[in-house]
Amino acid sequence: MSIQVESILRPSAGAIGSEEFLTLLETEAVKVQRIVSNEAKSPEKFWYEQSYTEWVLLVRGHAVLAFEGGERLELNEGDYLAIPPHARHRIDETGPETIWLVVHLTGGA
2 MSIQVESILR
12 PSAGAIGSEE
22 FLTLLETEAV
32 KVQRIVSNEA
42 KSPEKFWYEQ
52 SYTEWVLLVR
62 GHAVLAFEGG
72 ERLELNEGDY
82 LAIPPHARHR
92 IDETGPETIW
102 LVVHLTGGA
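My numbering puts the first residue of the sequence shown at 2, with every later residue one more than the last.
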């Protein structure tokens with residue numbers, strides 16, 4: 002058996018405006034991702050809308066999430082939240098090298 006230690010804080014080579022997605026763990030019930038946003042934002046009129054709960058931790062950087070009803074939430078390092086199913090949301094802004102830990106609770110068997 003080979004077990005490797007990785008770092009969620011490792012640098013990204015992403016260009017300004019880009020996002021890098023890395024799946025760290027995936028089962029039928031849960032998906033854990035590391036996302037690095039580099040001064041990124043969602044495309045105009047684009048909304049994320051999942052059928053499951055999404056738990057988000059901002060590990061490094063700064064971000065602003067916007068929700069369809071007009072609510073905007075500012076996140077700083079260490080902030081986390083749970084986004085309920087079908088809550089339409091988007092990324093309005095991120096700082097450079099913003100690192101997220103995202104847990105998708107897909108609920109499979």
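Think of the CB as a built atom: it goes at the ideal place given N, C-alpha and C, for glycine as much as any other residue. Predicted, not measured: the structure shown is a model, and the values here were computed from it.
- Distances from the CA of G71 to each of R89, A83, N39, L23 were compared; the closest alpha carbon is that of R89.
- In this chain, the beta strand (DSSP E) harbouring I84 covers 81 to 84.
- P97 is not a Cβ neighbour of E7, given a cutoff of 8 Å.
- The C-beta of W48 has fewer than 16 other C-beta atoms within 10 Å across all chains shown, which makes the residue exposed.
- Going by C-alpha positions, T107 is about 5 Å away from Y53.
- When DSSP states are grouped into helix, strand and coil, V37 belongs to the strand group.
- Membership of L25 in the beta strand (DSSP E) is indicated by the continuous run 19 to 27.
- With distances taken between CA atoms, E94 lies nearest to G62 out of G62, W56, L82, P86.
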